[in-house]
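In mature numbering (1 follows the signal peptide of the UniProt record, and there is no 0), the protein residues as written are -24 to -1, 1 to 287.
Idealized CB from N, CA, C, for every residue including glycine.
These numbers were taken from a predicted model, which means no experiment stands behind them.
Take a look at the structure set out below.
What follows is the structure, given as C-alpha cells:
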C-alpha cells in the first residue's frame, strides 16, 4: 500500500510538472528532427489530435503589429503557411489577427528575451480561427534560421495540457478512492463490530454472574423431582452427596466447577438444552435469578432446616 501511494504521488508530481507544456516539431528534410516546448494561446483555436503541419515563414514586420506586407503568396507546396512572429510592441491577439488576415494558417510567437518559463498568450477568441502557440527565444531563433533558408517544415501537435489535466484528475480521484477504502478498512469494522456485539450478542458471560450463579448442596435422599438429572452433563459423573451444584437460567444444574469452567472457556449455552446465555434476555433472566436466589439464601440462613455452602 505504501509503495502504491508513493508511486501515485510521484505520478501526480510529474503530471503537474508537465501539464503546462506541449510540443512543436521542426522537421529538417531529409533526416533531421528537432522539437521545442510550447504553450498554446489561451482561448484560441485548439489543434486536433493529428496535429497541423505547414511551411514556416518569418512575418514582415517581424512583430506583426501592423498588416503583414508579404500577404498571401504561394510557397510552392500545398502546405499551410505558418507565421513566425516575435513577442512585443502589441498584444498577442493583434499578432494573431494580423497573421490570420494575411492568410496564414497558424502562428508561432517566440519570446523576445531569454526567459526560464514560457507564458500563456491571453486572447479574445472572438473572430480568431487559427491556432497559435508560444515558444522560447532559443526555439524562435532556431525556427527563424530554418525559415530563412526555406527548407523547414513545422508541425504543431495537440497540447499536452488537456491530457495532463485528465491524468491529474484521474490520479487525484484514485488517491481519494484509495484513502477512502483505507479509512473504511481501518475505522468502519471497529464500530460495526461493537454495534453488532452490543445489539445482537454478548461475547462472553460476565465473570461476576458466573461466580454468583445459584448453588445448592446435592442430597440424594431428597425427592428426585428436585433435580433435572443425577449426572453432570459436562463431566458425565454422577452427583455425590455433599457436592456443590450450580443452576443456569434454564434450570439445568451442573457441578459448580464444571459449569464455571464451561462458561469461562466460551461455552455460551446450556450443555443440555442449548439455551443461549449470550442474549440480553438470558443475561437479564440470569441476573434476576441470581438476585432471587440471593434473597432466598439470606432468608434460609435464618432456618436450620436448609444448609448452603459457599461456592
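Start-to-end residues for the alpha helix (DSSP H) that takes in residue i
i	result
residue 33	It is not in any alpha helix (DSSP H) - residue 33 instead sits in the beta strand (DSSP E) that spans 28 to 34.
residue 187	183 to 187
residue 62	Counting along the chain, residue 62 falls outside any alpha helix (DSSP H), though it belongs to the beta strand (DSSP E) covering 56 to 62.
residue 239	232 to 240
Straight-line gap, residue i to residue j (C-alpha atoms, nearest Å)
i	j	result
residue 50	residue 147	For residue 50, the pLDDT reaches just 48, beneath the cut-off of 50, and the residue's location in the model is therefore unreliable, although a value from the coordinates is still provided. Rounded to whole angstroms, residue 50 to residue 147 spans 48 angstroms at the Cα level.
residue 232	residue 220	6 angstroms
residue 69	residue 151	40 angstroms
residue 208	residue 190	16 angstroms
residue 236	residue 160	39 angstroms
residue 102	residue 77	14 angstroms
residue 216	residue 239	22 angstroms
residue 188	residue 247	19 angstroms
residue 86	residue 104	19 angstroms
residue 156	residue 144	18 angstroms
residue 119	residue 73	21 angstroms
residue 21	residue 153	35 angstroms
residue 196	residue 252	29 angstroms
residue 81	residue 107	8 angstroms
residue 24	residue 65	30 angstroms
residue 223	residue 198	17 angstroms
residue 67	residue 132	22 angstroms
residue 41	residue 26	31 angstroms
residue 45	residue 129	22 angstroms
residue 162	residue 149	20 angstroms
residue 234	residue 158	45 angstroms
residue 110	residue 121	17 angstroms
Buried/exposed call for residue i, threshold 16 Cβ in 10 Å
i	result
residue 115	buried
residue 5	Reliability fails at residue 5, whose pLDDT of 49 lies under 50, so the model's placement of it is uncertain and no value is given.
residue 229	buried
residue 249	exposed
residue 241	exposed
residue 63	buried
residue 98	exposed
residue 33	buried
residue 71	buried
residue 175	Note on residue 175: pLDDT 47, under 50, position unreliable in the model; the coordinate value appears next. The residue in question, residue 175, is exposed, as its Cβ has fewer than 16 Cβ neighbours within 10 Å.
residue 112	buried
residue 92	exposed
residue -1	Bear in mind that a pLDDT of 46 at residue -1, under 50, signals an unreliable position, so the model cannot answer this.
residue 227	exposed
residue 43	exposed
residue 95	exposed
Residue i: first and last residue of the uninterrupted beta strand (DSSP E) it sits in
i	result
residue 223	220 to 223
residue 191	191 to 193
Whole-Å CB distance - residue i paired with residue j, under 8 angstroms assumed
i	j	result
residue 30	residue 61	The pair is not a contact, with the Cβ atoms about 14 angstroms apart (cut-off 8 angstroms).
residue 59	residue 38	Not quite, the Cβ-Cβ distance comes to about 10 angstroms (not below 8 angstroms), so this is no contact.
residue 301	residue 245	Since the first residue shown for the chain is -24 and the last is 287, residue 301 is missing from the structure and cannot be characterised.
**OP:** May I have a chain-ordered list of the alpha helix (DSSP H) segments no shorter than 4 residues that lie completely inside the region 67 to 154?
**Re:** 68 to 77, 113 to 125
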